[in-house]
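Single-structure report; data block below.
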Amino acid sequence: MSCETKIFKDITSDCNMPTPGIEVEAWVFNRSEISTTYSSADTNQITDISMVGSATAFKIKGYKKNLNCGSDVVVSDDMPKRFNHYFSFKNFEFDTESLRNVDNLDDLCIVVERKDKPSDGDGIFVGYGFKSGLFVSSDTHRAWENNGVRSVEMTSIEGGYEPHSQYVVFVADVTSPYTATKTMLDALLPTVP
Amino acid sequence: MVDEVKKILSHSSGEVIADPELCFSLIKCYSRLYKGGCSVRTCKNSLSLYYKILQKNGIEMATINEQAKERTCVPAFKGIKYISRAAKYFNADLLTDRDAIFLLQHKCLTEEDFIKLPTGWNTGQEDCILEIADLLAQGMSVKAIKEKYKDVKEIGGKECTKELWTELIKEARKLNEVSK
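Just so you know, the sequences run in chain order A and B.
Be aware that the first sequence starts at 16, since it is given in this note's numbering, and climbs by one per residue.
Be aware that the second sequence starts at 46, since it is given in this note's numbering, and climbs by one per residue.
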C-alpha cells in the first residue's frame, strides 16, 4: 500500500477571506490526562475530549495579540512530511505557584479559538500537539526588557512531529456547532465552587 | 425549500452557476439556510462555495427550516440577529423550537428574547429531551434508550414513569422530525 497522499478538492482563494488571529483565551491540557476521540472520516478532526480521572483542563488568558500559534512543515526526502506545531504566550505572573506552574510546562495539548467564525462552525476551534505534545522550546525573561514579562514558546519535540498541520476540534450540532464545541471544552475546566 | 435545494443539487455546480434562475435560487437558499436571510456575496467562487455547502447538509438544513413553520416559540426580536455566543446569524422568522431550546439552554438567548417560549422549555426536562432527540436521530431504538437510562429515577423533579417516558419521547420526536 502506498503512503502517497493526494489532494481531493479545489483550493480556492476568493473574497471570503478569513478574519486573521485568535481569541485571547486558550484551553490547555496535560497530554497524559486527556482521552481524545477523532472523527473516523477525518483524522485531523477531534470530535470529543475527555479528562482522565479527576484531572481538569486549564486556561491561558492572553492580552490582545500575545497568544500566537501555528505550524511549520518538516520535509524529508525519505519519510512522509510532518508538522512542527507552535504556540507562544507571555506570562505576567511571578508569584511562587505561578512560577512553578510555568516552569513545569511540557507535553501539553492546546486548543485555541480562531477569530474567524464560519457559519458551519468548522475550523473555529483548532488544536495543537494532540499526538506528541508541545514542549517548551524557548522561555525568556529579562527584568528590563519586554516590560519585564516572561515570553514562552512551545513547539513539537524534535522527532515527535505531528501528522497534520493542526486539528479541528468540532462537536456537531444542528443549531450551533460553535456553542456545542465551546460547551464541551468549558466542561473540562475546573468547576467554580 | 427542500424541493428547491433538491432541484439545485440535481444539477452540477457549473450548470447552476451558468443558469440565472438556478443561480438566484442558490443564493436565496444559501442566504436563508445559513445566513439567516442576510445578503451574501455573489461572485463565481462564492457561488461555487455555496453549492458545496448545500451539498454537505443543504437538504437537512432545509428540512429544519420547514420545521420552523410548526414552531411554538415567538421571538421578541425581529429580523436577523447575530448571536456571538453561537457564532451564527439567526432569523426571527426561521428560528425553530429546537434552536430556541438550544440557545436558551446555552445562555445564548434569555427568556426575555421571547414573547412566547418554546414548548418543552423550562420544564426541567429540556436536557433530557434534547439528548433523547439526538439518540433517536442516531438511530437508537426507544427500547435501547430506555435501557440506557434505566437507572434514572427522576427527571426535572418528576418520577420516571412510563407516562413520562412516552411524553419525553414524543417531545424528542417532535423536535427531531428532521431525522425521520
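A virtual CB, placed ideally from N, CA and C, is assigned to each residue, including glycine.
Under the 8 angstroms criterion on CB atoms, residue 107(B) is classed as non-interfacial with respect to chain A. The Cβ-Cβ distance between residue 140(A) and residue 185(A) falls below 8 angstroms. Taking C-alpha positions only, residue 43(A) is separated from residue 127(A) by approximately 9 angstroms.
Residue 98(A) and residue 220(B) have their alpha carbons spaced roughly 43 angstroms apart. Within the stretch 153 to 185 of chain A, no residue has a Cβ lying closer than 7 angstroms to any Cβ of chain B. The beta carbon of residue 78(A) does not come within 8 angstroms of any beta carbon belonging to chain B, so the residue lies off that interface. Chain-order list of chain B residues neighbouring residue 193(A): 130, 131, 132 and 133, by C-beta distance under 9 angstroms. With contacts defined by Cβ atoms closer than 8 angstroms, residue 64(A) and residue 169(A) do not form a contacting pair. Here residue 184(B) is actually not in contact with residue 136(B); their C-beta atoms are around 30 angstroms apart, not less than 8 angstroms. Neighbours of residue 114(B) across chain A, judged by C-beta separation under 8 angstroms, do not exist; the nearest C-beta is about 17 angstroms away.
In this structure residue 128(B) is buried. Its beta-carbon is surrounded by 16 or more other beta-carbon atoms within 10 angstroms. Per DSSP, residue 116(A) is one residue of the alpha helix (DSSP H) stretching across 111 to 118.
Per DSSP, the continuous alpha helix (DSSP H) segment holding residue 147(B) begins and ends at 142 to 150. The three-state reading of DSSP puts residue 170(B) in coil, since its state is none of H, G, I, E or B. Taking a contact as a CB-CB distance under 8 angstroms, the pair residue 160(B) and residue 177(B) does not count as one, their CB atoms being some 27 angstroms apart. A direct Cα-to-Cα measurement between residue 58(B) and residue 196(A) gives close to 31 angstroms.
Assigned with DSSP and collapsed to three states, residue 59(A) falls in coil, not helix or strand.
The Cβ-Cβ distance between residue 131(B) and residue 46(B) does not fall below 8 angstroms. Per DSSP, the continuous beta strand (DSSP E) segment holding residue 38(A) begins and ends at 37 to 45. A check of alpha carbon separations from residue 64(B) across 48(B), 170(B), 79(B) and 92(B) identifies 92(B) as the nearest. For a cut-off of 8 angstroms, the C-beta gap from residue 155(B) to residue 117(B) is around 18 angstroms, too long to register as a contact. With a threshold of 16 other beta carbon atoms within 10 Å, residue 106(A) meets it and is buried. Residue contact check for residue 151(B) against chain A: a CB pair falls below 8 angstroms.
With a beta-carbon spacing of about 4 angstroms, residue 131(A) and residue 33(A) fall inside the 8 angstroms limit used to define contacts. Taking C-alpha positions only, residue 194(A) is separated from residue 151(B) by approximately 7 angstroms.
If you draw a 10 Å sphere on the C-beta of residue 177(A), you find 16 or more other C-beta atoms in it, and that means buried. For the 8 angstroms CB-CB criterion, residue 109(B) and residue 141(B) form a contact. Taking a Cβ-Cβ threshold of 8 angstroms, the residues of chain B close to residue 27(A) are 90, 93 and 94, in chain order. Residues of the stretch 119 to 139 of chain A that bring their beta carbon within less than 9 angstroms of a beta carbon in chain B comprise 132, 133, 134, 135, 136 and 139, in sequence order.
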